[in-house]
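The opening position of the sequence shown corresponds to residue 10 in our numbering, with each subsequent residue numbered one higher.
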Amino acid sequence: MNNKLQTKDLISVGIFTAIYFVIFFACGMLGYIPILFILLPAYMPMITGIPFMLFLTKVKKFGMVSIMAILLGIIMFATGHTWVPIATALIFGLLADLVFKTGKYQSFKHSVLGYGIFSMWSMGAMLPLWIMRDSYLQYISNSMGDEYTNAVISITPDWAAVAIFFTAFASGIAGAFLGKAVLKKHFQRAGIA
Numbered sequence: 010m011n012n013k014l015q016t017k018d019l020i021s022v023g024i025f026t027a028i029y030f031v032i033f034f035a036c037g038m039l040g041y042i043p044i045l046f047i048l049l050p051a052y053m054p055m056i057t058g059i060p061f062m063l064f065l066t067k068v069k070k071f072g073m074v075s076i077m078a079i080l081l082g083i084i085m086f087a088t089g090h091t092w093v094p095i096a097t098a099l100i101f102g103l104l105a106d107l108v109f110k111t112g113k114y115q116s117f118k119h120s121v122l123g124y125g126i127f128s129m130w131s132m133g134a135m136l137p138l139w140i141m142r143d144s145y146l147q148y149i150s151n152s153m154g155d156e157y158t159n160a161v162i163s164i165t166p167d168w169a170a171v172a173i174f175f176t177a178f179a180s181g182i183a184g185a186f187l188g189k190a191v192l193k194k195h196f197q198r199a200g201i202a
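So this is what it looks like as structure tokens:
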């Protein structure tokens, strides 16, 4: 088996990155409600678990998941977020890729764990609330107003960052199971996966 990424692999990465981001963006639109903004890492991985588990049926080579993660981080940066999503996407995308490789891209146990890890990349959108709090809150205030900003401040104490990281991981685990169930019920029956 050729372990080098080929054009068809990169096309799969591009297609699934686009699908993933469209769903991610749609989930993010709920962020106009402050509590849903903070809980994005809790519900987004469950919904995006469906296309991601379908993507894993196409992944047979190391690097495909890492490329997807980096592209997602770059898209987040290009759409107005800080540089932090690029860093978290690189870290958690690479760690997830290593987990998937350890399972030879076939193990469901490794797929579940890997997607839980991958899902933590989304914290890059939230981390500026804690690591560059003043400037990020000013940015939020300028775009969303003082009332929204005050609501965000009230629900983001220091300990919340750690809780949301673990929530993103747990949601990724749940999303992997949901994605696998949908994959088995619909996509395999249709001959897509």
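Where is the CB? At the ideal position from N, CA and C, for every residue including glycine.
Are the beta-carbon atoms belonging to Gly181 and Tyr124 less than 8 Å from one another? Yes, these two residues count as a Cβ contact at 8 Å.
In its own chain, which residues sit with a C-beta less than 8 Å from the C-beta of Ala199, not counting the 5 before and 5 after it? In this prediction, Ala199 scores a pLDDT of 49, lower than 50, which makes its location untrustworthy; no coordinate-derived value is stated.
Do Ile64 and Met132 have their C-beta atoms within less than 8 Å of each other? In the sequence as displayed, the identity of residue 64 is Phe instead of Ile. Not in contact: Phe64 and Met132 (Cβ atoms no closer than 8 Å).
Cut-off 6 Å between Cβ atoms - residues of its own chain near Ser150, not counting five sequence neighbours on either side: Annotation for Ser150: Thr158 place their beta carbon closer than 6 Å to its own, counting only its chain and skipping 5 residues before and after.
Nearest-angstrom Cα distance between Ile76 and Phe33? A straight-line Cα-Cα distance of about 17 Å links Ile76 and Phe33.
Using the rule of at least 16 other Cβ atoms within 10 Å of the residue's Cβ for burial, across every protein chain shown, is Ala190 buried or exposed? It counts as exposed.
Whole-Å CB distance - Ile79 paired with Ala98, under 8 Å assumed: Sure, about 6 Å apart at Cβ, within 8 Å.
How many whole angstroms separate the CB atoms of Pro94 and Ala134, which I take to be in contact at a CB cut-off of 8 Å? Indeed, because the Cβ distance is near 6 Å, the residues count as touching under 8 Å.
Helix, strand or coil for Ile12, going by three-state DSSP, please let me know. Going by the sequence as given, residue 12 is Asn instead of Ile. Note: Asn12 maps to coil in three-state DSSP.
CB Tyr29 to CB Phe61, shorter than 8 Å? Closer than 8 Å, so yes.
Whole-angstrom distance between Leu136 and Lys13, CA atom to CA atom: Cα to Cα, the separation comes out at about 34 Å.
For Val31, the nearest candidate out of Val161, Ile56, Leu48 (CA to CA): Comparing C-alpha distances from Val31 to each of Val161, Ile56, Leu48 shows the shortest one belongs to Ile56.
Take His119 and list the residues in its own chain whose beta-carbon comes closer than 7 Å to its own, dropping the five residues that flank it on each side. Only Val108, Phe109, Thr111, Gly112 meet the Cβ criterion.
Who are the near neighbours of Leu192 in its chain, counting only those whose CB is closer than 8 Å to its CB and skipping five residues on each side? Excluding sequence neighbours, Leu192 sits near Ile59, Met62, Leu63, Thr66, Ala202.
How should Gly89 be labelled, buried or exposed, when 16 other C-beta atoms within 10 angstroms of its C-beta is the threshold for buried? In summary, Gly89 is exposed, with fewer than 16 beta-carbon neighbours lying within 10 Å of its beta-carbon over all protein chains present.
Using a Cβ-Cβ cutoff of less than 6 Å, which residues in the same chain neighbour Leu104 once the five nearest sequence positions on both sides are dropped? Closer than 6 Å at the Cβ level, and outside the excluded window around Leu104, lie Ile126.
Given Val171 as reference, the closest of Ile47, Gly184, Pro54 once Cα atoms are compared: Looking at the Cα atoms, Ile47 is the closest of the given residues.
Just checking my contact of Pro54 with Gly154 at CB under 8 Å: how many whole Å lie between their CB atoms? Rounded, the Cβ-Cβ distance is 29 Å, inconsistent with contact.
For the region 47-119, list the alpha helix (DSSP H) runs that are entirely contained and at least 4 residues long, ordered along the chain. If only complete runs of 4 or more residues are kept, the region 47-119 shows the alpha helix (DSSP H) at 49-65, 73-87, 93-111, in order along the chain.
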